[in-house]
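Asks: Protein chains in written order, with my numbering: chain A, 53 to 394; chain B, 53 to 394.
Take this structure first; my questions come after.
Protein chains: 2
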Amino acid sequence: MTDRFLLACRRQPVDRTPVWFMRQAGRYMADYRALRERHSLLELCRTPELATRITLQPVDAIDVDAAIIFSDLLLPFEPMGLAFDFVKGEGPRVEQPLRTEADIERLRLFEPREGLGYVLEAIAMTRRELDGRVPLIGFAGAPFTLASYAIEGGPSRDFAKTKALMYGHPEAWHRLCTRLAQVVSAFVVAQVEAGAQAIQIFDSWVGALSAEDYREFARPHTAAVFEALKPTGVPTIHFGTGTSAILPELAAAGGDVIGVDWRLPIDVAWDQLGSERAVQGNLDPTLLLGPRHRLLRAAEDVLQRAAGRPGHIFNLGHGILPASPLEHVQVLARFVHGYRPA
Amino acid sequence: MTDRFLLACRRQPVDRTPVWFMRQAGRYMADYRALRERHSLLELCRTPELATRITLQPVDAIDVDAAIIFSDLLLPFEPMGLAFDFVKGEGPRVEQPLRTEADIERLRLFEPREGLGYVLEAIAMTRRELDGRVPLIGFAGAPFTLASYAIEGGPSRDFAKTKALMYGHPEAWHRLCTRLAQVVSAFVVAQVEAGAQAIQIFDSWVGALSAEDYREFARPHTAAVFEALKPTGVPTIHFGTGTSAILPELAAAGGDVIGVDWRLPIDVAWDQLGSERAVQGNLDPTLLLGPRHRLLRAAEDVLQRAAGRPGHIFNLGHGILPASPLEHVQVLARFVHGYRPA
Numbered sequence: 053m054t055d056r057f058l059l060a061c062r063r064q065p066v067d068r069t070p071v072w073f074m075r076q077a078g079r080y081m082a083d084y085r086a087l088r089e090r091h092s093l094l095e096l097c098r099t100p101e102l103a104t105r106i107t108l109q110p111v112d113a114i115d116v117d118a119a120i121i122f123s124d125l126l127l128p129f130e131p132m133g134l135a136f137d138f139v140k141g142e143g144p145r146v147e148q149p150l151r152t153e154a155d156i157e158r159l160r161l162f163e164p165r166e167g168l169g170y171v172l173e174a175i176a177m178t179r180r181e182l183d184g185r186v187p188l189i190g191f192a193g194a195p196f197t198l199a200s201y202a203i204e205g206g207p208s209r210d211f212a213k214t215k216a217l218m219y220g221h222p223e224a225w226h227r228l229c230t231r232l233a234q235v236v237s238a239f240v241v242a243q244v245e246a247g248a249q250a251i252q253i254f255d256s257w258v259g260a261l262s263a264e265d266y267r268e269f270a271r272p273h274t275a276a277v278f279e280a281l282k283p284t285g286v287p288t289i290h291f292g293t294g295t296s297a298i299l300p301e302l303a304a305a306g307g308d309v310i311g312v313d314w315r316l317p318i319d320v321a322w323d324q325l326g327s328e329r330a331v332q333g334n335l336d337p338t339l340l341l342g343p344r345h346r347l348l349r350a351a352e353d354v355l356q357r358a359a360g361r362p363g364h365i366f367n368l369g370h371g372i373l374p375a376s377p378l379e380h381v382q383v384l385a386r387f388v389h390g391y392r393p394a
Numbered sequence: 053m054t055d056r057f058l059l060a061c062r063r064q065p066v067d068r069t070p071v072w073f074m075r076q077a078g079r080y081m082a083d084y085r086a087l088r089e090r091h092s093l094l095e096l097c098r099t100p101e102l103a104t105r106i107t108l109q110p111v112d113a114i115d116v117d118a119a120i121i122f123s124d125l126l127l128p129f130e131p132m133g134l135a136f137d138f139v140k141g142e143g144p145r146v147e148q149p150l151r152t153e154a155d156i157e158r159l160r161l162f163e164p165r166e167g168l169g170y171v172l173e174a175i176a177m178t179r180r181e182l183d184g185r186v187p188l189i190g191f192a193g194a195p196f197t198l199a200s201y202a203i204e205g206g207p208s209r210d211f212a213k214t215k216a217l218m219y220g221h222p223e224a225w226h227r228l229c230t231r232l233a234q235v236v237s238a239f240v241v242a243q244v245e246a247g248a249q250a251i252q253i254f255d256s257w258v259g260a261l262s263a264e265d266y267r268e269f270a271r272p273h274t275a276a277v278f279e280a281l282k283p284t285g286v287p288t289i290h291f292g293t294g295t296s297a298i299l300p301e302l303a304a305a306g307g308d309v310i311g312v313d314w315r316l317p318i319d320v321a322w323d324q325l326g327s328e329r330a331v332q333g334n335l336d337p338t339l340l341l342g343p344r345h346r347l348l349r350a351a352e353d354v355l356q357r358a359a360g361r362p363g364h365i366f367n368l369g370h371g372i373l374p375a376s377p378l379e380h381v382q383v384l385a386r387f388v389h390g391y392r393p394a
């Protein structure tokens with residue numbers, strides 16, 4: 053068993069920099085694509101045997117130091133009463149996006165074991181299958197990012213409807229996010245109880261906010277989730293993209309580890325976060341689409357910038373893109389493990 | 053005639069802070085929507101009488117200190133040999149996105165008077181119609197942003213194909229951007245000759261790059277455009293979104309005025325840019341969708357942060373969204389003009 057991932061989360065000494073990749077189980081892998089030909093994304097998420105199998109694929113194929121449960125940020129929507137599906141080429145689509153305050157009031161709280169028992173089963177099953185090889189990460193979306201999907205109905209460029217609700221009906225916004233924070237908190241605590249050894253909170257789209265808006269509209273709700281996780285004792289990771297202007301605010305909401313994207317050099321980001329945080333990142337995932345020499349040169353730059361700082365977990369700045377060659381992902385993981393500071 | 057916009061571009065004293073809005077002629081205006089019912093977006097762009105009429109709509113309806121010619125970033129594509137159209141709800145779509153180096157080699161240079169004469173006519177016509185009321189801004193896309201549309205075929209979230217070309221075929225990338233810079237340079241110089249009194253270069257999506265990638269892949273080509281504009285003597289504006297991590301690099305490429313979005317407070321951004329630049333921005337456009345008290349409080353915050361710094365041009369951090377009430381835009385412009393530092 054390699055425990056360097058968990059050690060690095062706590063900024064303890066490690067033999068080499070741990071590495072895993074966001075969306076390491078996904079469409080860039082032939083094994084995954086083969087399963088997707090026979091099952092919808094939601095079927096894969098809802099069938100613990102299949103979710104387990106997918107979670108293990110990259111652990112077998114790539115020299116990673118952690119597994120992350122195969123699941124989706126939007127799964128809590130259905131037991132809340134918000135039906136959604138995945139539309140080819142477009143991503144998730146919520147059937148009836150939230151439009152009125154009544155829509156928000158109708159959102160249900162639920163017992164994770166009842167509403168999302170299949171995720172918890174997959175976690176327990178994956179832990180057994182992993183048999184201690186690498187630790188297992190559970191995850192969920194942060195309230196802001198989940199709220200944006202619930203309001204926009206899918207991915208958004210400008211978050212116009214989300215912000216119109218925030219600015220125009222702040223009480224309704226806070227009620228929505230309070231409810232989302234309750235749901236997410238219960239869900240991630242249940243994931244830990246089921247066997248998750250670390251939790252990553254994805255606030256993927258929070259970079260759309262200024263620091264002031266982050267403080268007012270997002271931070272209290274994300275902080276509630278991290279607060280709920282504290283008694284579990286597992287390390288927590290707080291990830292967002294486009295967060296160059298709000299890193300100290302993001303960190304103030306919580307997270308033993310802060311996940312950063314490629315827009316700021318990792319040492320510059322780390323200086324803003326302070327040395328009491330571990331940092332995860334931050335290679336541009338599109339580098340996996342280019343030539344190997346440029347990929348490894350950029351990876352070396354990340355490692356050099358992080359060298360001498362306890363608590364670096366190597367990762368991408370966002371998920372692996374479907375067109376990435378598996379071989380590049382494998383080479384990258386090996387390169388990270390082979391790296392020694394000059 | 054109010055010349056406070058042009059004075060502010062040069063950081064000269066003004067009686068009040070000048071204000072204009074990106075996409076101030078657009079779908080949020082009933083007059084514009086009425087024209088769009090009868091004409092496609094491309095027809096409007098290609099008919100100087102209609103483009104002139106649309107350019108003037110906000111000058112008549114809103115207390116703005118500049119007009120910006122009604123046009124579109126992608127218009128140079130067609131005379132280069134890249135057909136495109138606008139797809140309802142999705143934005144621009146290039147019919148055959150660039151896929152191979154041969155596709156890049158086929159891109160044509162052209163005389164702006166021949167390929168885009170209708171834009172130059174619209175500029176000349178608008179100048180006559182404006183009759184000195186407010187100055188007229190011309191514009192074009194920066195090579196990176198144009199290249200991303202040409203390669204992705206439309207808007208993109210991750211710029212995977214764009215970056216794959218950048219990283220994997222840097223010579224082809226630089227040939228493409230060199231050609232785009234030649235086209236854009238000739239086009240904006242011709243716009244000045246036709247009557248444009250300032251030029252804004254939109255590098256809308258350049259915030260997807262790290263500072264290092266910006267330096268290598270975008271900056272030289274944007275710098276070439278600003279270099280070409282120097283002999284014209286008109287003030288230049290350099291705009292991008294999501295640029296919090298690359299502001300000094302962006303400024304190094306050129307621009308008397310740097311346009312910034314809302315992610316960084318304007319004084320923080322300005323400190324990074326240095327006092328020798330004028331700064332344009334930076335209200336979050338979604339604030340126009342919320343209540344008036346919050347809109348004006350946020351506008352006051354921008355004005356207070358910029359107070360005492362010569363060269364502030366009030367604007368949004370990105371274009372006006374279609375759902376914005378015209379009345380809010382009007383109120384905002386009046387508020388900016390009425391503002392006096394405490």
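Heads up, the beta-carbon is just placed ideally off N, CA and C, and yes, glycines get one too.
This structure is a prediction, so every number in the text was calculated from the model and none was measured.
#1: Tell me whether the stretch 75-85 of chain A and the stretch 112-123 of chain A touch, counting them as touching only if at least three CB pairs, one residue from each stretch, are closer than 8 Å.
#2: Taking a cut of 7 Å between CB atoms, which residues from the stretch 338-355 of chain A lie near chain B?
#3: Going along the stretch 153-170 of chain A in order, which residues come within less than 8 Å of chain B, judged by CB to CB distance?
#4: Should ALA212 of chain A be flagged as near chain D, meaning a C-beta pair shorter than 7 Å?
#5: If contacts are defined as beta-carbon pairs under 8 Å, then SER296 of chain A and ARG315 of chain A qualify, I think. What distance do you get, rounded to the angstrom?
#6: Helix, strand or coil for GLY169 of chain A? Go by DSSP, reduced to three states.
#7: Please list, in chain order, the chain B residues whose beta carbon lies closer than 9 Å to that of TRP225 of chain A.
#8: Could you list which residues in chain A have their beta carbon closer than 7 Å to that of PRO287 of chain B, in chain order?
#9: Exposed or buried, what is ARG231 of chain B when buried is set at 16 or more other beta-carbons lying within 10 Å of its beta-carbon?
#10: For the stretch 288-307 of chain A, which residues have a CB atom closer than 8 Å to at least one CB atom of chain B, in sequence order?
#11: When the distance is taken between beta carbons, is PHE191 of chain B closer than 7 Å to ASP117 of chain B?
#12: Curious, which full-length beta strand (DSSP E) runs of at least 3 residues does the stretch 176-228 of chain B contain?
#13: When the Cα of TYR201 of chain A is compared with those of A:TRP257, A:TRP322, A:VAL171 and A:ARG227, which residue comes out closest?
#14: Quick check: what's the CA-CA separation for VAL241 of chain B versus VAL286 of chain B?
#15: Can you tell me whether ALA118 of chain A is helix, strand or coil according to DSSP?
#16: Measuring only the C-alpha atoms, how far is VAL186 of chain B from LEU373 of chain B?
#17: Using CA coordinates, which residue listed in A:GLN249, A:PRO222, A:GLU95 and A:PHE291 is at the minimum distance from LYS282 of chain A?
#18: From CYS97 of chain A to LEU168 of chain A, what does the alpha carbon distance come to, in whole angstroms?
#19: Pop quiz: THR274 of chain A and ILE253 of chain A are said to be a contact at Cβ under 8 Å. What is the actual Cβ separation, rounded to whole angstroms?
#20: Give me the chain A residues within the contact set of PRO377 of chain B, using Cβ-Cβ distance strictly less than 7 Å, ordered along the chain.
#21: Does TRP314 of chain A get closer than 7 Å to chain B when you measure Cβ to Cβ?
#22: Could you have a look at GLN234 of chain B and say whether DSSP puts it in helix, strand or coil?
#23: Would you mind listing the alpha helix (DSSP H) stretches within the stretch 292-359 of chain A that are 4+ residues and don't spill past its ends, in chain order?
#24: Beta-carbon of TYR84 of chain B versus every beta-carbon of chain A: anything under 7 Å?
#25: Cβ closer than 8 Å: which chain A residues qualify as neighbours of ALA216 of chain B?
#26: What do you reckon, are the CB atoms on HIS389 of chain A and ARG68 of chain A nearer than 7 Å?
#27: Given this structure, state the Cα-to-Cα distance separating PRO377 of chain B from ASP265 of chain A, to the nearest angstrom.
#28: Would you kindly work out how many angstroms separate the C-alpha atoms of ARG361 of chain A and ASP323 of chain A, rounded to a whole number?
#29: Would you tell me roughly how many angstroms separate the C-alpha atoms of HIS290 of chain B and VAL146 of chain A, rounded to the nearest one?
#30: Just to confirm my understanding: we take ILE189 of chain A, look at its own chain, exclude 5 residues before and 5 after, and list those with CB closer than 6 Å. What are they?
Replies: In terms of the structure at hand:
#1: yes
#2: THR338, LEU339, LEU341, GLY342, PRO343 and ARG346
#3: none
#4: Among the protein chains in the structure shown, which are A and B, there is no chain D.
#5: Indexing the first sequence from 1 puts residue 296 of chain A at position 244. Indexing the first sequence from 1 puts residue 315 of chain A at position 263. The pair is a contact, with the Cβ atoms about 5 Å apart (cut-off 8 Å).
#6: For the purposes of this step, residue 169 of chain A is identified with residue 117 of the first sequence, where counting begins at 1. Helix at GLY169 of chain A.
#7: Working through the first sequence from its first residue, we reach residue 225 of chain A at position 173. Correct list: empty, because the minimum Cβ distance to chain B is about 11 Å.
#8: If you number the second sequence from 1, residue 287 of chain B lands on position 235. Result: empty, since nearest Cβ-Cβ is about 27 Å, beyond 7 Å.
#9: As a first step, residue 231 of chain B is located in the second sequence; it is residue number 179 there, counting from the start. The residue in question, ARG231 of chain B, is buried, as its Cβ has 16 or more Cβ neighbours within 10 Å.
#10: Cβ contacts with chain B come from GLY294, SER296, ALA297 and ILE298.
#11: The count along the second sequence starts at 1 and reaches residue 117 of chain B at position 65. The count along the second sequence starts at 1 and reaches residue 191 of chain B at position 139. Going by C-beta atoms, ASP117 of chain B is not nearer than 7 Å to PHE191 of chain B.
#12: Runs of the beta strand (DSSP E) inside the stretch 176-228 of chain B: 188-193.
#13: Stepping through the first sequence from its first residue, residue 201 of chain A is reached at position 149. Looking at the Cα atoms, A:TRP257 is the closest of the given residues.
#14: Indexing the second sequence from 1 puts residue 241 of chain B at position 189. Indexing the second sequence from 1 puts residue 286 of chain B at position 234. If I take the Cα positions, the gap works out to 10 Å.
#15: Looking up residue 118 of chain A in the first sequence gives position 66. Coil.
#16: What you label residue 186 of chain B is simply residue 134 of the second sequence in a count that begins at 1. What you label residue 373 of chain B is simply residue 321 of the second sequence in a count that begins at 1. Roughly 23 Å separates the two Cα atoms.
#17: The residue labelled residue 282 of chain A in the question sits at position 230 within the first sequence. Nearest C-alpha to LYS282 of chain A: A:GLN249.
#18: Mapped onto the first sequence, residue 97 of chain A falls at position 45. Mapped onto the first sequence, residue 168 of chain A falls at position 116. Going by the C-alpha atoms only, they are around 10 Å apart.
#19: Along the first sequence, read from residue 1 onward, the residue named residue 274 of chain A stands at position 222. Along the first sequence, read from residue 1 onward, the residue named residue 253 of chain A stands at position 201. At roughly 7 Å, the Cβ-Cβ gap stays under 8 Å, so THR274 of chain A and ILE253 of chain A are in contact.
#20: For the purposes of this step, residue 377 of chain B is taken as residue 325 along the second sequence, with counting starting at 1. Near PRO377 of chain B there are no residues of chain A at all, since even the closest Cβ is about 11 Å away, more than 7 Å.
#21: On the first sequence, position 262 is the one that residue 314 of chain A refers to. Taking Cβ atoms only, chain B reaches closer than 7 Å to TRP314 of chain A, which makes this a yes.
#22: For this step, residue 234 of chain B is matched to residue 182 along the second sequence. Helix.
#23: 299-305, 318-325 and 344-358
#24: The sequence position of residue 84 of chain B within the second sequence is 32, counting from 1. It does not; no Cβ of chain A falls within 7 Å.
#25: In the second sequence, counting from the first residue as 1, residue 216 of chain B sits at position 164. Per Cβ cutoff of 8 Å: THR338, LEU341, GLY342 and ALA375.
#26: Taking the first residue of the first sequence as 1, we reach residue 389 of chain A at position 337. Taking the first residue of the first sequence as 1, we reach residue 68 of chain A at position 16. Yes, these two residues count as a Cβ contact at 7 Å.
#27: The residue given as residue 377 of chain B occupies position 325 in the second sequence. The residue given as residue 265 of chain A occupies position 213 in the first sequence. One C-alpha to the other measures close to 22 Å.
#28: Taking the first sequence and counting its residues from 1, the one referred to as residue 361 of chain A is at position 309. Taking the first sequence and counting its residues from 1, the one referred to as residue 323 of chain A is at position 271. Cα to Cα, the separation comes out at about 11 Å.
#29: Indexing the second sequence from 1 puts residue 290 of chain B at position 238. Indexing the first sequence from 1 puts residue 146 of chain A at position 94. Distance between the alpha carbons of HIS290 of chain B and VAL146 of chain A: 37 Å.
#30: Here residue 189 of chain A refers to the residue found at position 137 when the first sequence is read from its first residue. Same-chain partners within the cutoff: ALA118, ILE120, ALA250 and GLN252.
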